[in-house]
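Below: one structure, written as structure tokens.
2 protein chains.
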Amino acid sequence: MKERKITLSEDEIPERWYNIVADMPNKPRLPLHPGTKEPISPDMLAPLFPEALIQQEVSTDRWIDIPDEVRDLFSLWRPTPVYRAYEFEKALGTSCRIYYKYEGISPAGSHKPNTAIPQAWYNKQEGIRRVTTETGAGQWGSALSFACRHFGIDCEVYMVKISYLQKPYRKLLMNTWGAKVIASPSTETEAGRSILAQDPNSPGSLGIAISEAVEQAAKRDDTKYALGSVLNHVLMHQTIIGLEAERQMEKAGDVPDIVIAPFGGGSNFAGLAFPFLRHNLTEGKKIRCIAAEPASCPKLTRGVFRYDFGDSVGMTPLIPMYTLGHNFVPDPIHAGGLRYHGAGAVVSQLLHNQLIEAQALPQTECFQAGVIFASSEGILPAPEATHGIGVAIREAREADFAGTPKTILFNLCGHGHFDMAAYQSYFDGQIVDHELSAEEVQTLIDQINMPEVV
Amino acid sequence: MKERKITLSEDEIPERWYNIVADMPNKPRLPLHPGTKEPISPDMLAPLFPEALIQQEVSTDRWIDIPDEVRDLFSLWRPTPVYRAYEFEKALGTSCRIYYKYEGISPAGSHKPNTAIPQAWYNKQEGIRRVTTETGAGQWGSALSFACRHFGIDCEVYMVKISYLQKPYRKLLMNTWGAKVIASPSTETEAGRSILAQDPNSPGSLGIAISEAVEQAAKRDDTKYALGSVLNHVLMHQTIIGLEAERQMEKAGDVPDIVIAPFGGGSNFAGLAFPFLRHNLTEGKKIRCIAAEPASCPKLTRGVFRYDFGDSVGMTPLIPMYTLGHNFVPDPIHAGGLRYHGAGAVVSQLLHNQLIEAQALPQTECFQAGVIFASSEGILPAPEATHGIGVAIREAREADFAGTPKTILFNLCGHGHFDMAAYQSYFDGQIVDHELSAEEVQTLIDQINMPEVV
């Protein structure tokens, strides 16, 4: 009997999140105030976030306790399994050992509830009655809808218009959990109206949707804002993935040489990779941690390290990030969760210091990888997740070619059951790869006009 | 920390299926040859099924070994968890303890791979190169597609036309796993053409699709037919659900008073219930086993016990079954997997002997139950699965009213990620309940014109 699944009991759900900032040789720079260009102080974030989350955002403690009630609700689906991908290995004909952590068994079908639940809980503790947010593919929005429903908080989701149109069932799932969903750019906010004035047919972007959600939260005292990636506390909440995986790899008696995860704003990647990266930072281990981004939105591989806005309109502090510019509107690819112009401060600093790697993949390569995976392991991956699978295939082939088989672990961050229209397009041959030309990238960078991070 | 999930290790995947026929006080009657009306002999099934499955179909052995290779592939997702539904209990405000066995984590998202994999495997062993089948909601067709893909067998699926139209993504999932999918009734078979001649707009039914798949299999030596429910061997394959659940309830230190599962042809229900029913049959226990059927297709609660065809055209042997007549075309409800005119011989005999119970539920009650469940436990159930939830709610309320809380276990047979159009209809108020009138039922029964089972 092959041991395919490496499981943990509910008691083994981690009791603490890992904050990588404590172990970074060069700490991430503080965000700047957009007007004064001075580092912001934590209290300036108070209109948008509850106090406890602001404390986590600026914390340099290595470990932060997970509240009991949050851990208890996690146990609806956590710990998630790590699978040894025997069938996938056979399909590839590789000598590598491949493992994946499967986050698709959560209520929303992705890793997003790992931070949605604590964010909703901390807001609830501080008496907040409404939370606004943005969503790309709908994974984050549905996760937050479920979390808010559980704790009895209203949830308002600005959904990137192209996803709103491509994924009506994601919207319906949010409605099922009681959320109000608005296509972004919308006419409900100043930010949305200004974008629509410039381009009435704007497909929207995560950056625009963030502007709208932030604007609504800033307006009312009983309302806060929740972000699904990028910020330190969000990345930290996701480390529960890697902390579980670390224990599971120990149980399997194996050590990953390569750890891979899809990259949008950074939380997917940080979630799996940071607990492994810790061993590089503190014990001199050499685990390669690779972020997998779409070739149509290549901020890690082709962007620049600048202070830039987290949103499109320019309402947020200036974050030290690898960016293609906050005005960049990525192609409406199906991996909607990866359509974001920048990377969080912590991951950007790590990339800058060459402590992590990145690869950019075209869509067709990703879908092809997804179909190989679905046919062998039986799980149909989300378009976002296929980016991790794509890099795993590249690395396995390279290791086989070099005659040095590796142990590879990737984050299968979600299932693709709500993305069948994307697979339909792929099978119908309607997906065209668009790699940015050198000129296009240069033009984007020239437009940024923001201070470099030093 | 609440213990919500009761899990088993891969080593605890059952090694044998349970054949309830061994313990039945009155054995099911043999099927009859449609021409001679004499009991059929096993060799008459040889054109349609591999030898090993025919042996299982007529076996009276209590336990039948599961082949190692089948168990190994089961370990892709089995054992499945049993959950204590704390959040659902809270939402209902019930004093009952409610558990559910969750089969939705399989590749196809339902319990169907439990029999698809052994059926494909036995066909492979006997050199079969192509398998035909029917599918209603698409759950069975996608399960068989995945199983055939794994063992390198061609798969041809006749999909009930109304589901083919309602659920294009289920079709796409089958295509992803390499199957050929045909809307039924089709012009590819005599059976399909004869139905279309009578009614060019026929929405199809499982009975019609079976006729088409059987006809195609009977034509070619390298092709066999696979059925997703009804037959003894199929029901037996599903007992892996209840055998696991039995051990899991022991681990939880609890004993179910009531066991509930949705009912289409019988395999969903048999799968969970038979291993518990065994204790009633052999040890005098009194566990209530309740089949949950749709009010629009009420063969158990309002049908008659007759010999009837398994298909619509009349190509199969006459099966002793509770039936509404093989010509009955149920309303095109969203629980496509429950739109079947009859019940398998074993479950019919058990019902006739009052060893099991049945309840019929209107669609709106089921969807309402499904939304309560999704909002509390986080899992969005398939329309078929909501029937089991609906009966669980009825029984919990009754027990609370009587002041005698019960332990309830139901089969959450699949997720509803491919059924969002159904939920959309429900939220839009477009679902109308259609309970058959006494006259309609009488008319159906008068038309049956088949021998009673004595």
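Each protein sequence line maps, in turn, to chains A and B. Reminder that position 217 of the first sequence reads as 217 in the numbering used here, one-by-one numbering, no gaps. Reminder that position 175 of the second sequence reads as 1175 in the numbering used here, one-by-one numbering, no gaps. Even for Gly, the Cβ is constructed at its ideal location relative to N, Cα and C. All values derive from a computational prediction rather than experimental measurement.
_Between F1309(B) and chain A, is any beta-carbon pair separated by less than 9 Å?_
Here residue 1309(B) refers to the residue found at position 309 when the second sequence is read from its first residue. By this cut-off, F1309(B) is not an interface position.
*Residues of chain B with a CB under 9 Å from the CB of Q424(A): which are they?*
As a first step, residue 424(A) is located in the first sequence; it is residue number 424 there, counting from the start. Simply P1168, Y1169, L1172.
*When the cut-off is 9 Å and only beta carbons count, does E283(A) lie next to chain B?*
As a first step, residue 283(A) is located in the first sequence; it is residue number 283 there, counting from the start. By this cut-off, E283(A) is not an interface position.
*Assign P1079(B) to one of three DSSP states: helix, strand, or coil.*
Reading the second sequence from its first residue, position 79 is the one you call residue 1079(B). The answer is coil: DSSP assigns P1079(B) none of H, G, I, E or B.
_Distance between P1298(B) and H1434(B) (C-alpha atoms, nearest Å)_ = The residue given as residue 1434(B) occupies position 434 in the second sequence. The residue given as residue 1298(B) occupies position 298 in the second sequence. The alpha-carbon atoms of H1434(B) and P1298(B) are separated by roughly 11 Å.
_Contacts around G109(A), its chain only, beta-carbon distance under 6 Å, and the 5 residues preceding and following it disregarded_ = On the first sequence, position 109 is the one that residue 109(A) refers to. So the list reads G414, H415, once near-sequence residues are dropped.
_Once DSSP output is grouped into helix, strand and coil, what is the label at V441(A)?_
Along the first sequence, one-based indexing puts residue 441(A) at 441. It is helical.
*asked:* For the beta strand (DSSP E) containing S375(A), name the first residue and the last one.
replied: The sequence position of residue 375(A) within the first sequence is 375, counting from 1. Looking at the DSSP string, S375(A) is not in any beta strand (DSSP E); the run it does join, the alpha helix (DSSP H), is 363-377.
*Alpha carbon to alpha carbon, how far is I1153(B) from T1080(B)?*
Sequence index remark: in the second sequence, residue 1153(B) carries index 153 (1-based). Sequence index remark: in the second sequence, residue 1080(B) carries index 80 (1-based). I1153(B) and T1080(B): Cα-Cα distance of roughly 26 Å.
_Interface flag, W177(A) vs chain B, CB-CB below 9 Å_ = For the purposes of this step, residue 177(A) is taken as residue 177 along the first sequence, with counting starting at 1. Closer than 9 Å to some Cβ of chain B, the Cβ of W177(A) qualifies, so yes.
*asked:* Against chain A, with Cβ distances strictly below 9 Å, would F1418(B) count as a contact?
replied: For this step, residue 1418(B) is matched to residue 418 along the second sequence. Yes - at least one Cβ of chain A is within 9 Å of the one on F1418(B).
*In angstroms, rounded to a whole number, what distance separates the CA positions of A183(A) and P1383(B)?*
Counting from 1 along the first sequence, the entry for residue 183(A) is found at position 183. Counting from 1 along the second sequence, the entry for residue 1383(B) is found at position 383. Looking at the two C-alpha atoms, the distance is approximately 28 Å.
_Whole-number beta carbon distance between Q56(A) and H233(A), since they are thought to touch under 8 Å_ = In the first sequence, counting from the first residue as 1, residue 233(A) sits at position 233. In the first sequence, counting from the first residue as 1, residue 56(A) sits at position 56. The pair is a contact, with the Cβ atoms about 4 Å apart (cut-off 8 Å).
*CB-CB under 8 Å to R1288(B), same chain, minus the five flanking residues each way: which ones, in chain order?*
Position 288 of the second sequence, counted from the first residue, corresponds to residue 1288(B). Contacts found: D1257, I1258, V1259, E1357.
*Where does E215(A) sit, in a helix, a strand or coil, going by DSSP?*
Taking the first residue of the first sequence as position 1, residue 215(A) is located at position 215. Three-state DSSP puts E215(A) in a helix.
*Three or more beta-carbon pairs under 8 Å between the stretch 1315-1331 of chain B and the stretch 1207-1220 of chain B, yes or no?*
yes
*So is M1001(B) in contact with chain A if we call contact Cβ pairs under 9 Å?*
Taking the second sequence and counting its residues from 1, the one referred to as residue 1001(B) is at position 1. Yes - at least one Cβ of chain A is within 9 Å of the one on M1001(B).
*What does A1022(B) reach in chain A if we use C-beta pairs closer than 9 Å?*
If you number the second sequence from 1, residue 1022(B) lands on position 22. Those within 9 Å of A1022(B) in chain A number zero; the least Cβ separation is about 27 Å.
*Is the Cβ of H1033(B) closer than 9 Å to any Cβ of chain A?*
Along the second sequence, one-based indexing puts residue 1033(B) at 33. Judged by the 9 Å Cβ criterion, H1033(B) is not in contact with chain A.
*Anyone know if the C-beta pair for Q238(A) and A270(A) falls short of 9 Å?*
Numbered from 1 along the first sequence, position 238 holds the residue referred to as residue 238(A). Numbered from 1 along the first sequence, position 270 holds the residue referred to as residue 270(A). For Q238(A) and A270(A), yes; Cβs fall inside 9 Å.
*Could you tell me which residues DSSP pairs with H1415(B) in its beta bridges?*
Mapped onto the second sequence, residue 1415(B) falls at position 415. Answer is P1381(B).
*What are the uninterrupted segments assigned as alpha helix (DSSP H) that are 4 or more residues long and contained completely in the stretch 1288-1318 of chain B, given in chain order?*
1299-1302
*Compute the Euclidean distance between the alpha carbons of R306(A) and H150(A), then round it to the nearest angstrom.*
Your numbering for residue 306(A) matches position 306 in the first sequence. Your numbering for residue 150(A) matches position 150 in the first sequence. Taking the straight line from one Cα to the other gives about 39 Å.
_With H, G and I counted as helix, E and B as strand and the rest as coil, what does DSSP make of S267(A)?_
Position 267 of the first sequence holds residue 267(A). Of the three classes helix, strand and coil, the one that applies to S267(A) here is helix, per DSSP.
_Nearest candidate by alpha-carbon position, reference L1409(B), set L1324(B), R1097(B), E1440(B)_ = Within the second sequence, the letter at position 409 stands for residue 1409(B). Per the Cα distances, R1097(B).
*By Cβ distance below 6 Å, which residues in the same chain neighbour G390(A) in space, the five residues on each side in sequence not counted?*
As a position in the first sequence, residue 390(A) is number 390, starting the count at 1. For G390(A), where only same-chain residues beyond five positions count, the Cβ hits under 6 Å are L361, E365, C366, A369.
*Please classify M1321(B): is it buried, with 16 or more other beta-carbons within 10 angstroms of its beta-carbon, or exposed?*
Residue numbering aside, residue 1321(B) sits at position 321 when the second sequence is read from its first letter. Buried.
*Straight-line CA distance for P332(A) to K161(A)?*
Walking along the first sequence from the start, residue 332(A) turns up at place 332. Walking along the first sequence from the start, residue 161(A) turns up at place 161. The alpha-carbon atoms of P332(A) and K161(A) are separated by roughly 10 Å.
*Mind listing, in chain order, the continuous alpha helix (DSSP H) runs of no fewer than 4 residues lying wholly within the stretch 1031-1090 of chain B?*
1051-1058, 1068-1074
*Spatial neighbours of L30(A) within its chain, please: CB distance less than 6 Å, with the 5 preceding and 5 following residues excluded, ordered by chain position.*
For this step, residue 30(A) is matched to residue 30 along the first sequence. Result list for L30(A): P39, in chain order.
*Taking C-alpha atoms, which residue in S1186(B), A1137(B), I1240(B) lies nearest to P1168(B)?*
By 1-based counting over the second sequence, the position of residue 1168(B) is 168. Per the Cα distances, A1137(B).
_Simplified DSSP state of V1017(B), which is helix, strand or coil_ = By one-based count along the second sequence, residue 1017(B) stands at place 17. Sequence inspection shows Trp at residue 1017(B); the Val mentioned does not correspond to that position. Of the three classes helix, strand and coil, the one that applies to W1017(B) here is strand, per DSSP.
*Which residues, in order along the stretch 1052-1072 of chain B, keep a beta-carbon less than 9 Å from a beta-carbon of chain E?*
Among the protein chains in the structure shown, which are A and B, there is no chain E.
*What's the C-alpha gap between Q1018(B) and T1007(B)?*
Here the question's residue 1018(B) lines up with position 18 in the second sequence. Here the question's residue 1007(B) lines up with position 7 in the second sequence. The sequence given here has Tyr at residue 1018(B), not Gln. Each residue's Cα considered, the two are about 21 Å apart.
_One or two residues paired with I1182(B) in a DSSP bridge_ = One-based indexing of the second sequence puts residue 1182(B) at position 182. I1182(B) is bridged to Y1158(B).
*asked:* Less than 9 Å between the C-beta atoms of A396(A) and T94(A), yes or no?
replied: For this step, residue 396(A) is matched to residue 396 along the first sequence. For this step, residue 94(A) is matched to residue 94 along the first sequence. Against a cut-off of 9 Å, the Cβ pair of T94(A) and A396(A) comes out as a contact.
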